[in-house]
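In what follows, a single structure is set out as structure tokens and then discussed.
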Amino acid sequence: MKQVGNILTIAAVSLLSAGLGVFAYAKFFDTPKEVKISDQSTKVHYTSIPNSGGYPENFVVAAEASVNAVVHVTTVYESKITMQTDPLFDFFFGERRGSIQPQPKTASGSGVIISSDGYIVTNNHVIDKSDKIKVTLNDKRSFDAKLIGTDPSTDLALLKIDEENLPTINIGNSDELHVGEWVLAVGNPFNLTSTVTAGIVSAKARNINILSADMKIESFIQTDAAINPGNSGGALVNTKGELVGINTAIASQTGSYSGYAFAIPVSIMSKVVSDLKQYGTVQRALLGVMINDITAEFAKEKELSTLEGAYVAGINENSAAKEAGIEVGDIITEVNGTAVKSVSELQEQISRFSPGNNVEITLIRDKKTKTVNVVLKNQMGNTDIVKETNISMLGATLEPIDKETKSRYGINSGLVVTSVDKKGKFAENNIPEGFIIVKANNQNVGSVAELETIIKETKKSVGKFSDNALFLSGIYKNKVVYFAIDLN
Numbered sequence: 016m017k018q019v020g021n022i023l024t025i026a027a028v029s030l031l032s033a034g035l036g037v038f039a040y041a042k043f044f045d046t047p048k049e050v051k052i053s054d055q056s057t058k059v060h061y062t063s064i065p066n067s068g069g070y071p072e073n074f075v076v077a078a079e080a081s082v083n084a085v086v087h088v089t090t091v092y093e094s095k096i097t098m099q100t101d102p103l104f105d106f107f108f109g110e111r112r113g114s115i116q117p118q119p120k121t122a123s124g125s126g127v128i129i130s131s132d133g134y135i136v137t138n139n140h141v142i143d144k145s146d147k148i149k150v151t152l153n154d155k156r157s158f159d160a161k162l163i164g165t166d167p168s169t170d171l172a173l174l175k176i177d178e179e180n181l182p183t184i185n186i187g188n189s190d191e192l193h194v195g196e197w198v199l200a201v202g203n204p205f206n207l208t209s210t211v212t213a214g215i216v217s218a219k220a221r222n223i224n225i226l227s228a229d230m231k232i233e234s235f236i237q238t239d240a241a242i243n244p245g246n247s248g249g250a251l252v253n254t255k256g257e258l259v260g261i262n263t264a265i266a267s268q269t270g271s272y273s274g275y276a277f278a279i280p281v282s283i284m285s286k287v288v289s290d291l292k293q294y295g296t297v298q299r300a301l302l303g304v305m306i307n308d309i310t311a312e313f314a315k316e317k318e319l320s321t322l323e324g325a326y327v328a329g330i331n332e333n334s335a336a337k338e339a340g341i342e343v344g345d346i347i348t349e350v351n352g353t354a355v356k357s358v359s360e361l362q363e364q365i366s367r368f369s370p371g372n373n374v375e376i377t378l379i380r381d382k383k384t385k386t387v388n389v390v391l392k393n394q395m396g397n398t399d400i401v402k403e404t405n406i407s408m409l410g411a412t413l414e415p416i417d418k419e420t421k422s423r424y425g426i427n428s429g430l431v432v433t434s435v436d437k438k439g440k441f442a443e444n445n446i447p448e449g450f451i452i453v454k455a456n457n458q459n460v461g462s463v464a465e466l467e468t469i470i471k472e473t474k475k476s477v478g479k480f481s482d483n484a485l486f487l488s489g490i491y492k493n494k495v496v497y498f499a500i501d502l503n
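Basically the working numbering = 1-based index in the sequence shown + 15.
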């Protein structure tokens, strides 16, 4: 489809209460005043077309196998109201009790139980910035949930509740999904209890450009199964009731279902969840290349022999690709024998590996096929295990600034603070969202990896005046500002 001129709405696309209605990507809209559920007197029959598992298209088995493993995720966001106070009044009459009480906001989405001991996967945007997370099972039992870890690059998060012998869902193989195959979406739309809808796989490896995280990975399963606000984090299952995707976004002009929805394939989810459980952060493997999809016009301009694959437009220094001899102009067509026809498919394949893994890359160079072995690296340019980073300690999400921002302020690089957690060094030092970090300890900063390196070096510099102190200089609201952070 065309890059749906419609609004792409994150399907937590959550439900916001406390007067906020339903949250849609880039806009708010009103929830329906009333939800009516009517009986359908006309029976609907499906033709007996067998699916990949050889079953007739009866969704009862799939629904029964999955509905109890899908949960309702409710998040609470504490409102903060800053009131101007008069210190003299407080001295003489005591501290005043403000008449305005902060009202907490709530939002909701869905989640999927993936282990009987309480691990639950959901979307990162369902729980992002929340103060409390509550999980309600299909049998109406409720539990407080602990956040184990998040991965904004894939929009996934892992939760844990303290309970045993929970119903789980079998993990399927999203690689085996075929376009045209029946799937079910299971979730909690509009704060209703578990709801099942059916549709087909409309496309695979879709990049809808909805994620904003650094190093985002988008290779969505597209389906026409009805997914609505509150479905985010819910299950996309095949007709055997196996989990094949995590429902994430909808293409819509209104914020409600209007034909297309998107799910993260379990091929991406499984690696992310495993890493979050073991390390608290994702061990992301990188080729270290800048890549483009190949259009007919681009192929003609570059005199390319194929329209399939990922075109290498640039190579990072000290990257895995550089060391393996990959060159600008190469077209990557396979990873370990699996064909990749687009940037999304290449990203999905590489996302399955960890730094240090050796992969075989097949590429076209000068219209000839060539194979190279690549040892994948992490964001730091090595193969070490990445533990919860010093960036995590800062409690903020950072992203490289775009070309427009560089031009506006006349700077070559920088990191913008896109969100600040309630706990972390940035919150402690009142560093706001929107602050652009230009320098850290007098060194230019253009990527999260560079800031991570500076923090590491600072913490190692024993005996110096700047011991464990991070000095940030940058721009906020068109003014140059400075912050000092104690890293202890």
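Glycine residues also receive a C-beta, built at the ideal position from the N, C-alpha and C atoms.
{"Check": "Leaving aside the five residues before and after K17 along the sequence, list all residues of the same chain whose C-beta is less than 8 Å from its C-beta, in chain order.", "Outcome": "Unreliable placement is indicated for K17, whose pLDDT of 42 sits below 50; no coordinate value is reported for it."}
{"Check": "Does DSSP put H140 in a helix, a strand or coil?", "Outcome": "helix"}
{"Check": "Going along the chain, which residues of its own chain have a beta-carbon closer than 7 Å to the beta-carbon of S209, five neighbours each way excluded?", "Outcome": "V82, V85, N153, V201, N203"}
{"Check": "I need the boundaries of the beta strand (DSSP E) containing R423, first residue and last residue.", "Outcome": "Premise fails: R423 lies in the alpha helix (DSSP H), 418-424, not in any beta strand (DSSP E)."}
{"Check": "Could you check what DSSP says for N66 in three-state terms: helix, strand or coil?", "Outcome": "Caution is warranted here: a pLDDT of 41 is assigned to N66, below 50, making its placement in the model unreliable, and the coordinate value is therefore given only provisionally. Here N66 sits in coil by DSSP."}
{"Check": "Is E330 near V304, with beta carbons less than 7 Å apart?", "Outcome": "Here residue 330 is Ile; the residue named in the question, Glu, does not match the sequence. Contact: yes."}
{"Check": "Verify whether the separation of the beta carbon atoms of T321 and E349 is less than 7 Å.", "Outcome": "no"}
{"Check": "Please go through the stretch 269-341 and give each complete beta strand (DSSP E) segment of 3 or more residues, from N-terminal end onward.", "Outcome": "275-280, 304-308, 325-330"}
{"Check": "In angstroms, rounded to a whole number, what distance separates the CA positions of N459 and S157?", "Outcome": "48 Å"}
{"Check": "Could you tell me which of G260, D166, G245, A455 sits nearest to K219, measuring between CA atoms?", "Outcome": "G260"}
{"Check": "Assign E191 to one of three DSSP states: helix, strand, or coil.", "Outcome": "helix"}
{"Check": "Quick check on the DSSP output: the alpha helix (DSSP H) that includes F441 runs from which residue to which?", "Outcome": "440-443"}
{"Check": "Taking the C-alpha atoms as reference points, what is the distance between I236 and T263?", "Outcome": "10 Å"}
{"Check": "Could you tell me the alpha carbon to alpha carbon distance between G449 and N483, rounded to whole angstroms?", "Outcome": "25 Å"}
{"Check": "Using DSSP with H/G/I as helix, E/B as strand and the rest coil, what is S357?", "Outcome": "coil"}
{"Check": "Here's a check: name, in chain order, each residue in its chain whose Cβ is nearer than 6 Å to the Cβ of N493, leaving out the five neighbours to either side.", "Outcome": "none"}
{"Check": "Between which two residues does the alpha helix (DSSP H) carrying E79 extend?", "Outcome": "75-81"}
{"Check": "Going by C-alpha to C-alpha distance, which of G371, V287, T386 sits closest to N397?", "Outcome": "G371"}
{"Check": "What three-state label does DSSP hand T433 in the structure shown?", "Outcome": "strand"}
{"Check": "Grab me the residues of D501's own chain with a C-beta within less than 7 Å of its C-beta, minus the 5 sequence neighbours each way, in chain order.", "Outcome": "N483, A484"}
{"Check": "Check whether the Cβ atoms of V88 and T121 sit closer than 7 Å, and answer yes or no.", "Outcome": "no"}
{"Check": "So which of D345, D417, E323, K418 has the shortest CA-CA distance to K383?", "Outcome": "D345"}
{"Check": "Contact defined as beta carbons within less than 8 Å: I believe N253 pairs with A77. What is the distance between those atoms, to the nearest angstrom?", "Outcome": "7 Å"}
{"Check": "Is K144 closer than 7 Å to I163 when the C-beta atoms are compared?", "Outcome": "no"}
{"Check": "When you compare each of G126, R299, I283 to N188 by their alpha carbons, which one comes out closest?", "Outcome": "I283"}
{"Check": "So what does DSSP say about P415, is it helix, strand or coil?", "Outcome": "strand"}
{"Check": "So, Q362 versus I232, is the Cβ gap smaller than 7 Å?", "Outcome": "yes"}
{"Check": "Go to I451, then tell me how far its beta strand (DSSP E) extends in each direction, as first and last residue.", "Outcome": "451-455"}
{"Check": "Assuming K255 is part of the beta strand (DSSP E), what are its boundary residues?", "Outcome": "K255 -> no beta strand (DSSP E), and no H or E assigned at all."}
{"Check": "On the criterion of 16 or more Cβ atoms from any shown chain inside 10 Å, does L103 qualify as buried, or is it exposed?", "Outcome": "Low local confidence applies: a pLDDT of 44 at L103 is under 50, so the model's placement there is unreliable, with the coordinate-based value given in what follows. It is exposed - the Cβ of L103 has fewer than 16 other Cβ atoms within 10 Å."}
{"Check": "What residue range is occupied by the uninterrupted beta strand (DSSP E) comprising G202?", "Outcome": "197-202"}
{"Check": "T377 by DSSP, collapsed to three states: which one?", "Outcome": "strand"}
{"Check": "Cα separation between G214 and M395?", "Outcome": "42 Å"}
{"Check": "For A160, name the three-state secondary structure that DSSP assigns.", "Outcome": "coil"}
{"Check": "Alpha carbon to alpha carbon, how far is G126 from N373?", "Outcome": "33 Å"}
{"Check": "Between the alpha carbons of G9 and L413, how many angstroms are there, rounded?", "Outcome": "Given that the chain is displayed from residue 16 to residue 503, the structure contains no residue 9 and the question cannot be resolved."}
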